[in-house]
Amino acid sequence: MAIPVLPESAPFSSTQRAWLNGFFAGVFGLDRGTNGHATNGHSSNGHATNGHADSLPALAALAAPAAEEDYPWHDPALALGDRLKLAEGKPYPRVLMAAMAQLDCGACGYLCKTYSEAIAGGEETDLTKCSPGGKDTAKKLKELVAGRKSLPTLSADAHAGINGTGVNTHTGSNGAAAKVGSNGTHTGTFDRKNPFHAPLLECRSLNRPGSEKDVRFVAFSLRGSGLSYEVGDALGLMPENDPALVEAVLKAMGARGDELVSVPGGVRVHAYDALAKYYVITKVSDALASLLAAAATDASESGTLKTLVEDDVEGIPAAWDVLDLLEQFPSARAPIAEMIAALSPLQPRLYSISSSLKAHPEEVHLTVGVVRYTQGGRPRKGVASNFLTETLQTRQKAGVFVHTSPGFRLPASGDVPVIMVGPGTGIAPFRAFLEDRAAAGVKGKNWLFFGDQRQDCDFLYQDEMAAYLKNGVLTRLDTAFSRDQKEKVYVQHRMAQNAREIWGWLQEGAHFYVCGDARRMALDVDHALHALVAEQGKMSDEAAKEYVKSLSKAKRYQRDVY
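Reminder that position 356 of the sequence shown reads as 356 in the UniProt record's numbering, one-by-one numbering, no gaps.
And the structure:
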């Protein structure tokens with residue numbers, strides 16, 4: 001049954017009408033078992049209850065205005081200035097959080113929320129850890145820390161209630177996923193501090209000859225780990241640095257590699273292992289630059305380094321790695337142990353899981369885009385993707401853990417329609433969604449929008465998607481291959497072409513999912529969604545905005561972006 005929409009003639013303003021339409025969508029979604037509003041982690045399974053007898057608390061939550069815990073700036077598609085504007089007047093840790101990239105990527109060793117709280121509490125002093133936010137975030141954090149007296153603080157009660165992830169897991173200050181998944185499933189005794197060493201089962205290319213990309217299917221065995229996950233979760237990977245870069249940095253430092261140095265945790269290892277497994281060498285830390293500025297024997301080099309460290313606008317070039325720094329300033333050397341200790345700790349990387357345990361017991365699959373480029377006449381490689389596809393060999397092991405993602409979940413009912421937009425490696429969680437629904441034998445409709453550069457060589461999982469179309473698991477598949485015609489076509493264009501049908505699915509209670517690039521694709525898809533809601537729902541732009549917001553509140557619009 002279609003979800004009712006108030007007519008334009010109803011005696012309400014466009015904003016009120018949009019809010020009520022969203023409210024009705026939530027009511028009917030709950031009645032259909034769509035998990036209309038997720039709880040904040042207090043229920044036994046991490047989801048709202050769906051029966052009629054239990055619907056009143058959920059509806060009350062749906063109807064409530066946005067609370068502090070909603071963190072409206074926690075959206076990577078928003079520009080830095082927009083995020084900070086949303087956080088105006090909020091407590092100091094929340095303003096700090098708004099300055100971060102909002103990806104919860106784990107590269108800093110925290111979630112955005114817990115990193116900001118660690119800075120606010122004085123436990124963390126390194127303001128350059130937000131790699132995705134780059135220099136803009138680092139500069140803004142320095143400004144906010146310097147001017148913190150003008151910002152309100154969290155109340156004692158609010159601080160006491162802080163939970164690193166807002167999920168029903170026990171997390172430490174680093175935001176690591178612990179032992180209980182969002183539906184109460186056991187995720188094993190392994191976490192980021194104690195990862196499971198999983199054997200690599202397979203690593204193969206998903207692209208065909210002629211592609212300009214290198215995307216890999218990567219599979220690990222979880223046998224004997226006790227680890228379990230839900231579709232929508234991420235896999236944390238403990239990567240290692242490129243051996244060739246490690247050797248080059250050691251040589252530039254004047255080290256042999258067998259020197260004993262201390263690493264996080266107080267363990268002493270050889271310098272080679274420290275650079276390979278424990279520290280970031282693809283990015284220059286302020287601490288290392290400051291150390292070398294003081295150690296430089298050439299006055300000009302020392303002055304330049306000091307200027308780079310102190311300059312919040314230009315600063316150390318973001319593209320530099322540690323080898324660049326050492327080669328640019330040959331007189332700047334400190335003892336090996338001090339230089340290594342000044343590096344930032346190497347953090348795990350998170351990858352959207354591409355498999356369902358229902359289809360592949362004791363396995364976990366990933367879809368990995370390999371990062372390679374040339375900078376300054378030297379080839380560069382992504383740390384994790386290079387580790388997975390070049391360094392790690394079949395049957396060798398890598399440290400992994402499950403990172404629960406309660407904000408990216410299939411509907412509780414298998415009868416609910418699902419629309420998925422995932423171009424490129426953004427298809428990763430949707431392969432898992434389709435596997436899960438196929439294995440469960442549910443009847444809900446599934447619609448996938450996929451895009452990439454060329455159909456003949458970049459159609460990831462093409463055979464699998466064709467099979468799902470044939471057997472009816474995939475109801476619709478719309479593709480956009482940008483370079484197969486003169487005019488570039490992207491997934492948002494396919495959405496616009498199918499606006500009436502998408503609106504019809506939304507009226508049936510469909511959940512809408514997006515996975516992929518936050519700053520371009522996800523933003524364009526969001527604009528397309530707002531436009532089709534306004535057009536098909538005959539709403540003003542403001543009313544459409546409120547309607548889409550209501551979808552988000554009802555957990556019917558979910559994004560996994562990076």
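Where is the CB? At the ideal position from N, CA and C, for every residue including glycine.
Query	Result
Cutoff 8 Å; reference K358; Cβ partners in own chain excluding five residues on either side	E435, D436, A439 and A440
Residues bridged to residue 563 [DSSP beta-bridge criterion]	Any question about residue 563 goes unanswered here, given that the chain covers just 1 to 562.
Straight-line Cα distance separating F449 from K549	22 Å
Straight-line gap, residue 567 to Q347 (C-alpha atoms, nearest Å)	This structure leaves residue 567 out entirely; the chain is present only between 1 and 562.
Between the CA atoms of Y513 and H530 - distance to the nearest angstrom	14 Å
Reduced DSSP secondary structure (H/G/I, E/B, other) of K381	strand
Touch test, the stretch 388-408 against the stretch 227-238, Cβ-Cβ under 8 Å, three pairs minimum	yes
Neighbourhood of A274 by C-beta, 6 Å cutoff - its chain only, sequence neighbours within 5 removed	V261, V263 and I340
Sequence-distant residues of its chain with Cβ nearer than 7 Å to A128 (five each side left out)	Rather than Ala, the amino acid found at residue 128 in this sequence is Thr. Contacts found: A138, S285 and D286.
Cutoff 7 Å; reference D478; Cβ partners in own chain excluding five residues on either side	F449, R494 and N498
Limits of the unbroken alpha helix (DSSP H) element including V284	Run containing V284: none; DSSP gives neither H nor E here.
8 Å CB neighbourhood of A248 in its chain, flanking five on each side removed	L323
For V364 and L245, believed in contact at Cβ under 8 Å, the rounded distance	28 Å between Cβ atoms; not a contact.
With 16 other Cβ atoms within 10 Å as the buried cut-off, status of residue 572	The question about residue 572 has no answer here: the residues shown for the chain are numbered 1 through 562.
Euclidean distance between Cα positions of A118 and K283	22 Å
CB contact flag (Q102, P72, <8 Å)	no
Residues near E240 by beta carbon distance below 7 Å, same chain, minus five either side	A276, K277, F387 and T391
Distance, M97 Cα to K306 Cα	28 Å
For S221, the residue or residues it bridges with in DSSP	E363
Cβ-Cβ distance between A428 and M238 below 8 Å	no
Reduced DSSP category for P243 - H, G, I as helix; E, B as strand; rest coil	helix
Spatial distance of D560 from W447 (CA atoms)	17 Å
Backbone secondary structure at T297 - three-state DSSP	coil
C457 beta carbon less than 8 Å from that of S211	yes
Closest by C-alpha distance to E202, when choosing among V215, F220 and P195	F220
Proximity winner among S116, V533 and Q558, relative to Y547 (alpha-carbon distances)	V533
Exposed unless 16 or more other CB atoms sit within 10 angstroms - verdict on K381	buried
Boundaries of the beta strand (DSSP E) in which D75 is found, first to last residue	Note, D75: premise wrong, no beta strand (DSSP E); not H, not E.
Through-space distance from E338 to K553, alpha-carbon basis	49 Å
Cβ pair P417, G266 closer than 8 Å	no
C-beta contact flag for K373 and A234 at 8 Å	It should be pointed out that residue 373 corresponds to Tyr in this sequence rather than to Lys. Result no, Cβ atoms of Y373 and A234 do not sit closer than 8 Å.
Alpha-carbon spacing of P345 relative to Y279, whole angstroms	4 Å
For F408, the three-state DSSP class (helix, strand or coil)	coil
Those residues which DSSP pairs with H270 across a bridge	L260
For G537, the nearest candidate out of A295, I502, S482 and E88 (CA to CA)	I502
Strand pairing of G81, partner residues [DSSP]	None; G81 has no bridge partner.
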